[in-house]
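Worksheet for the structure shown next.
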Amino acid sequence: MRHSSSLVVIEPNKSWFDLKLRSFWDYRELLYFLAWRDLKARYSQTVMGLAWAVVQPLFMMLVFTVVFSKIAQLPSDGIPYPLFAYAALVPWTYFAKSLDRSGFSVVAESNLITKIYFPRLIIPLSATLGGLLDFAIAFLLLVAMMLWFGVLPTWKLVTVPLFLALTVLASLSVSLWLSAFFVKYRDVAALIPLLTQVWMFGSPVAYSASMVPQGWVAFYNLNPMVGVIGGFRWALLGTPAPDPMFLAVNVVTISVSLLLGMAYFNRMANTFADVI
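If you're matching positions, the sequence shown starts at 527 in this note's numbering and goes up one per residue.
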């Protein structure tokens, strides 16, 4: 019997943008294993199991409904406020949880990093992709709420995967920076919860983007989650569509941040085993 073997040559990156993307395919089984292991660890020995995926957005929706709809009486673009808020909380919760898991992922895998070679980018990527199951479960509840409130989906529903892809890329682009910084600066552990809290109120989660003063609109739309959340509401609930120009700016912002984040992460990955 013949056994095939392959030789892997490990050498420093020749440039900042030597991303070696082919290695993701070569190590696809490791990517799958890490994502699956994260899911099993998260839900093993839990009473509610996968139901925890909807607990946070559901309770946040209830709090927002009381505070922002009943007390502050904020407008919701003609949509029942619980549905209006939950439609934004589904992508936002995925984004926030991805930052939390991915930001600490490299340090959490220190034993693996110091023992074997593999593309380090797989670690934050697996942590980001591991949240898609939670997203899917929360999305099913969103569909049930739409039927309950009599809001039927239209052809716009086919654009949801595009906005989900933007959410994943936005999460990964930020996570790469945070995870690389956290290896060297443990202050990032305190920064991530603060960042997500401030970022949430800087995004149209609890309120409509139409409430933003005109003079702040251009600056406000630099936030990529503005286009993502607006896109989800438009695709599912029929609210006003995001401005195409600002949505294009969001795509460019996410793309540039992701490319630079991958370059910086790969450059710093050469020192991870020594610093950790």
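Using N, Cα and C, we set each Cβ at its ideal position, and we do this for glycine too.
Taking only three categories from DSSP, how would you classify residue i?
i	result
Leu690	helix
Arg528	At Arg528, the pLDDT of 43 sits below 50, so the modelled position is not reliable and the matter cannot be decided from this model.
Lys641	coil
Val581	helix
Ala598	coil
Gly604	coil
Ile802	coil
Glu635	coil
Asp660	helix
Phe708	helix
Asp564	helix
Ser570	coil
Phe610	helix
Phe665	helix
Tyr553	coil
Pro679	coil
Phe630	coil
Asn796	coil
Leu784	helix
Leu647	coil
Please classify residue i as buried or exposed, where buried requires at least 16 neighbouring CB atoms within 10 angstroms.
i	result
Trp674	exposed
Ser631	buried
Val714	buried
Arg635	One point to set straight first is that residue 635 is Glu, not Arg, in the sequence displayed. Buried is the call here.
Phe689	buried
Phe665	buried
Lys623	buried
Asn749	buried
Gly629	buried
Asp807	This structure gives no information on residue 807, because the portion of the chain shown stretches from 527 to 802.
Asp564	buried
Pro601	exposed
Gly741	exposed
Asn792	buried
Excluding the five sequence neighbours on either side, which residues of its own chain have a C-beta within less than 8 Å of the C-beta of residue i, listed in chain order?
i	result
Leu625	Ser697, Val700, Ser701, Leu704, Ile718, Leu721, Thr722
Met527	Here the model assigns Met527 a pLDDT of 39, short of 50, so the residue's position is not dependable, and the following value carries that caveat. So no residue of the chain qualifies.
Ser530	Its pLDDT being 45, under 50, Ser530 is placed unreliably by the model, and the measurement read from it follows with that caveat. If we look at Ser530 and ignore the five residues flanking it on each side, it has no Cβ neighbours.
Ile802	Val632, Val633, Ser636, Ile639, Thr640, Val709
Asp769	Asn747
Lys682	Trp760, Ala761, Leu762, Gly764
Identify, in the order they occur along the chain, each residue of the same chain with its Cβ nearer than 6 Å to the Cβ of residue i, setting aside the five sequence neighbours on each side.
i	result
Thr685	Ala761
Val731	Ala614, Trp618
Met751	Ser729
Asp603	Ser734, Thr765
Ser652	Leu557, Leu560, Ala561
Gly657	Tyr620, Lys623, Ser624
Leu609	Met671, Phe675
Ala799	Ile639, Thr640
What residues in its chain sit with their C-beta under 7 Å from that of residue i, if we drop five residues either side in the sequence?
i	result
Ile755	Ala614, Pro617, Trp618, Ser729, Pro730, Val731
Phe707	Val714
Tyr612	Pro583, Met587, Leu668, Met671
Phe772	Asn747, Gly753
Ala767	Trp760
Phe644	Tyr553, Leu556
Which complete alpha helix (DSSP H) runs does the segment 715-770 hold, if anything under 4 residues is left out?
743-746, 750-763
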